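Numbering (the working numbering), first residue to last: 227 to 632.
Ideal Cβ positions, reconstructed from N, Cα and C, are used throughout, including at glycine.
A quick note: this is a predicted structure, and the numbers were derived from the prediction, not measured.
Take a look at the structure below.
Next comes the structure, spelled out in structure tokens:
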């Protein structure tokens, strides 16, 4: 009897230390616009091990080279284990301390990058990358992507991180963009800041400093793109500066090195410049439409130029034939109005929403809203765009409007 009891206890002990689910479970993730197997695996730091690729095709019953469908959920080579509250080794039945530490580091990184919502120690759900148990040595070379002085054709660095959610277009300080939520997953946004290249737009003077419209519109637009990406969106920055990034200076240096998405030189004449941008947006729109993306939006950001004595709030425009664009403009306007009432009590808010037959609203196929964020010549409005904190608030409050327009 004692022998039988001992055997039973030993058997129970083995089951406890080598716990695995009754049925092997894999973590699942949704394919986003532009995703292939490499990019989906790269998002979760799984791309440098060939066994992860093989396992991905196997567990999803896919043929090699198969295309992914936007919005469809796929199993990833990440095994799900129950954390026993003691150690990783006892939770998954391994003895190797180094492997356990690598699994811990992986879970911590996924939490830091925003892919996990809770620590495995808190919710008792442990992610174990397949390769750490089966092929720990990298056998697919890491491609060192260095931010070039220009953007390669067809590449959008705002939505394609170099590694671990680092986006060079945002500049060194803001390149790392953790995933805060997936509320905008599957949605595509085109953010276009006015002017650029040979055309600085409106130019004003503040003391000895020259204020160029395109620089301040670009900074607000880039901050908005970062907000969108942080919540799972695919966001194209149509006008692009190769070296500015998000800047925290008061006075942004005027330059003329901006290009249009796809590394296109910005034409000097206004009409070709506008058609270049609307054509690029329409091509991207059609590409994503064929992929099955149903929610695409364009936001155009400018700084107005009026008489020095005319203070303005944000003006929002939409095309008369675009009800979805009108809804987007109204939602962003309401967000600005609500935040001004909350944080600037007694000031009042006189921004408005109206229809206009502007090129970027008329010639693009995507629902669109056009924003003038202030009068670059008025001293009060200048504070709205000069202070980096204010530029971030503009981006944040516009983003809140975007969320409510889903």
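Start-to-end residues for the beta strand (DSSP E) that takes in residue i
i           : result
residue 353 : 351–355
residue 442 : Careful: residue 442 lies outside any beta strand (DSSP E), inside the alpha helix (DSSP H) at 439–456.
residue 601 : 594–601
residue 553 : Here residue 553 belongs to no beta strand (DSSP E); instead the alpha helix (DSSP H) covers 549–569.
residue 522 : 522–530
residue 280 : Where residue 280 is concerned, there is no enclosing beta strand (DSSP E), although the alpha helix (DSSP H) it sits in stretches over 276–285.
residue 304 : 299–308
residue 414 : 414–419
residue 252 : 252–256
residue 578 : 578–581
Close beta carbons around residue i, own chain, < 6 Å, minus the five adjacent residues each side
i           : result
residue 374 : With a pLDDT of only 30 at residue 374, under the threshold of 50, the placement of this residue in the model should not be trusted; the figure read from the coordinates follows. Closer than 6 Å at Cβ, skipping near neighbours: no residue.
residue 328 : 358
residue 419 : 443, 444, 447, 465 and 527
residue 610 : 600 and 616
residue 477 : 435
residue 628 : none
residue 587 : 545, 594 and 596
residue 430 : 437, 602 and 603
residue 623 : 561, 562 and 565
residue 378 : Any reading at residue 378 must be qualified, since the residue scores a pLDDT of 34, below 50, and its modelled position is unreliable; the value itself is stated next. Answer for residue 378: no residue qualifies.
residue 273 : 264 and 267
residue 612 : 476
residue 298 : 257
Beta-carbon proximity check, residue i vs residue j, cutoff 9 Å
i           : j           : result
residue 579 : residue 416 : no
residue 336 : residue 400 : no
residue 409 : residue 458 : yes
residue 572 : residue 563 : no
residue 255 : residue 300 : yes
residue 407 : residue 352 : no
residue 439 : residue 428 : yes
residue 602 : residue 539 : no
residue 362 : residue 325 : yes
residue 565 : residue 608 : no
residue 462 : residue 492 : no
residue 306 : residue 356 : no
residue 488 : residue 524 : no
residue 449 : residue 620 : yes
residue 574 : residue 484 : no
residue 258 : residue 412 : yes
residue 590 : residue 511 : yes
residue 311 : residue 350 : yes
Cut-off 7 Å between Cβ atoms - residues of its own chain near residue i, not counting five sequence neighbours on either side
i           : result
residue 372 : Residue placement at residue 372 is flagged as unreliable, the pLDDT there being 34, under the threshold of 50; a coordinate-derived value is accordingly withheld.
residue 403 : 391, 393, 396, 452, 455 and 456
residue 555 : 542, 543, 544, 579 and 595
residue 635 : Because the chain spans 227 through 632 in this model, residue 635 falls outside it and cannot be assessed.
residue 480 : 426, 436, 438 and 441
residue 248 : Caution is warranted here: a pLDDT of 45 is assigned to residue 248, below 50, making its placement in the model unreliable, and no coordinate value can be reported.
residue 631 : 553, 554 and 557
residue 508 : 590 and 591
residue 330 : 314
residue 502 : 486, 490 and 493
residue 482 : 423 and 424
residue 321 : 315
residue 569 : none
residue 345 : 337
Minimum C-alpha distance to residue i - residue among the options
i           : options               : result
residue 282 : 296, 266 and 297      : 266
residue 308 : 290, 252 and 258      : 252
residue 433 : 604, 620 and 508      : 604
residue 294 : 517, 319, 614 and 331 : 517
residue 347 : 333, 431, 422 and 589 : 333
residue 278 : 425, 263 and 292      : 263
residue 486 : 500, 589, 474 and 411 : 500
residue 549 : 559, 581, 623 and 567 : 581
residue 618 : 498, 343 and 475      : 475
residue 296 : 583, 568 and 521      : 521
residue 584 : 569, 497 and 559      : 497
residue 343 : 513, 354, 405 and 286 : 405
residue 319 : 354, 469 and 567      : 354
Boundaries of the alpha helix (DSSP H) in which residue i is found, first to last residue
i           : result
residue 622 : 614–630
residue 325 : 323–338
residue 492 : Looking at the DSSP string, residue 492 is not in any alpha helix (DSSP H), and its letter there is neither H nor E.
residue 169 : With the chain represented from 227 up to 632, any question about residue 169 goes unanswered, as that position is not in the structure.
residue 263 : 263–269
residue 316 : 314–318
Same chain only: Cβ atoms within 8 Å of residue i, ignoring 5 sequence neighbours per side
i           : result
residue 398 : 471
residue 369 : Residue confidence for residue 369 is low, a pLDDT of 38 falling below 50, so the modelled location carries little weight and cannot support an answer.
residue 380 : Per-residue confidence for residue 380 stands at a pLDDT of 33, beneath the threshold of 50, marking its modelled position as unreliable; no derived number is given.
residue 473 : 397, 445 and 614
residue 567 : 575
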